[in-house]
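For any residue, its number in the numbering used here is found by taking its place in the sequence shown, counting from 1, and adding 9.
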Amino acid sequence: MDATSLATLWATIALIIFLGVAIYIKVPGLIAKALDARAARISSELDEARKLRDEAQQLLGQYKKKRKEAEQEAADIVAAAKREAEMLATEAHKKTEDYVARRTALAEQKIGQAERDAVAEVRASAVDIAVEAARALLAAKVDVKAGADLFKASLADVKAKLN
């Protein structure tokens with residue numbers, strides 16, 4: 010045997026002894042246990058990550074739903090405000106028309122009353138002028154005695170009509 014074979018033989022024997030000692034003190038079991046623990050930790054981290062992702066998805070869905078509800082509520086508020094504004098505008102227009110109609114009717118009543126007053130005044134003036142003209146004519150044609158008789162007849166006629 011030469012020196013290299015002898016060195017190889019001793020290296021092989023040392024390796025076998027080392028592996029025997031390692032197996033005897035359960036190094037492969039420790040390595041397997043460490044690997045299993047690491048795999049379990051990674052698995053639990055993955056489960057936790059999945060759980061967090063699911064929760065994030067749920068929250069995202071809830072926020073999307075809330076946003077959609079808020080947008081709908083805002084649209085409803087805007088629509089209600091538009092309806093109320095239209096209703097107020099219509100009511101204001103109606104009140105304005107009613108006010109104009111009342112003012113027009115009042116003005117027409119005042120104009121009608123003024124016309125009636127003017128006609129009555131013209132009639133009264135015409136009657137006064139006619140009475141004065143008739144008195145002047147009668148005074149010129151009738152003497153005093155006939156005027157007194159006419160006055161008495163007229164007075165009797167008025168008394169008869171009043172009673």
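We treat Cβ as the ideally placed atom computed from N, Cα and C, and that holds for glycine.
Quick caveat, the model's predicted, so the values are computed rather than measured.
Original post:
So, helix, strand or coil for Lys35, using DSSP?
Top reply: coil
Subject >> Phe160 versus Ala145 - alpha carbon distance >> reply: 15 angstroms
Original post:
Between the C-alpha atoms of Glu117 and Arg111, what's the straight-line distance to the nearest angstrom?
Top reply: 10 angstroms
**OP:** Please state whether DSSP places Asp56 in a helix, a strand or coil.
**Re:** helix
Original post:
Just the Cα atoms here: how many angstroms apart are Ser134 and Gly121?
Top reply: 20 angstroms
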